[in-house]
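Numbering (full-length UniProt numbering), first residue to last: 1 to 262.
Backbone N, C-alpha and C define an ideal beta-carbon position, used for all residues, glycine too.
Here's the structure we're looking at; comments come further down.
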Amino acid sequence: MGATYNHIGKGYNNTRKADPFLLERIQYHLNPINEGLYIDIGCGTGNYTSKLHDEETKFIGIDPSEHMLTKAKKAFPHIDWKLGTAENIPLKDNSMEGVLGTLTLHHWNNLEKGFSELFRVMKPYANMVFFTATPKQMEGYWLNHYFPKMLEDSMKQMPSLAKIKTAMKAAGFKNIFSEKYSIKPDLKDLFLYAGKQNPKLYLDANVRNGISSFSLLAHQDEVQKGLAQLEKDIDSGEIKKIMQQYKNRDGDYLFLLSQKEV
């Protein structure tokens, strides 16, 4: 993961900003206590970490990308940033009041080991909140129509909900809950399906550069061909028919929630 985000780190903050609605849901599910200490695992440049960190609720940002952490330290020097991975967290046992992770699970090398490490550093009854997408949800993205190989490779990278839950239970998390999330028109964090209702977003190279599927997984011939067709379909109105074909009831992303029970 470190090499991945070292590569796309340039300009990342221009399009990947913390979204107010997602922040509200994270805050609600994390339910932080005063003077608590929390982890943002796979924190990147700290867009969410910095919004949640305050005098009463302090966060430690952990990420394997030195490039991302350099940006985070420069922008938010008052927050503790640490180089590390989910599978090797440089923190003591039973020291954290809770855990946050946004769009990071697909970059882990070993889900069970990562969740075991989080279980180790969490205090009893600490909450854990992850924001992610599943392959089943991604099958409903209309992006499949224009970039089939890119989406296929993206889905291969994403662990299924069943695989995530199996790893969490093996690590010691007993009760696991989920909350569906569907893209809202005013989304501020321009990740993969941010353009669900605004296809023109994908014509902006800056937006694509902040999305790992476009900047790393994609075959450039397919991307250029798909963008050309997308632009034509936007101009003709055909895009509306394509979008209608890909409606689904599974949500576009989801929050995964659990607690360290003892």
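- Taking all protein chains in view, the Cβ of V99 is crowded by 16 or more other Cβ atoms within 10 Å, so the residue is classified as buried.
- Excluding the 5 residues flanking it on each side, N109 has same chain C-beta neighbours closer than 7 Å at E87, in chain order.
- At the C-beta level, L187 and A194 come within 7 Å of one another.
- Residue environment analysis places L111 among the buried positions, since at least 16 neighbouring C-beta atoms fall within 10 angstroms of its C-beta.
- Assignment of E97 by DSSP, reduced to helix, strand and coil, places it in the strand class.
- With a cutoff of 7 Å on beta-carbon distance, Y48 and A18 are scored as near each other.
- Taking 7 Å as the cut-off, the beta carbon of M122 is found no closer than this to the beta carbon of M155.
- Take the alpha-carbon of G114 and the one of A167: they are about 9 Å apart.
- Listed as beta-bridge partners of I62 by DSSP are I41 and K82.
- Annotated three-state conformation of N209 is helix, per DSSP.
- Note on geometry: alpha-carbon atoms of A228 and D221 lie some 11 Å from one another.
- Contact between Y246 and Q137 fails: their C-beta atoms lie close to 11 Å from each other, not under 8 Å.
- Given a length threshold of 3 residues, each whole run of the beta strand (DSSP E) inside the region 88 to 166 is given here in chain order: 96 to 102 and 122 to 132.
- Between M150 and A133 a beta carbon distance of about 14 Å is seen, past the 8 Å cut, so the two are scored as non-contacting.
- Here D93 is not near G61, since their CB atoms are 7 Å or more apart.
- Counting along the chain, the unbroken alpha helix (DSSP H) around E231 starts and ends at Q220 to S236.
- Cβ neighbours of G140 within its own chain (closer than 8 Å, five residues either side excluded): Y246, K247, N248, D250 and D252.
- Contact between L190 and G210 is confirmed by a C-beta separation of about 6 Å, below the 8 Å threshold.
- If you ignore the 5 residues before and after N144, its C-beta comes within less than 6 Å of the C-beta of L151, all in its own chain and listed in chain order.
- K180 carries a strand assignment under DSSP once its states are collapsed to helix, strand and coil.
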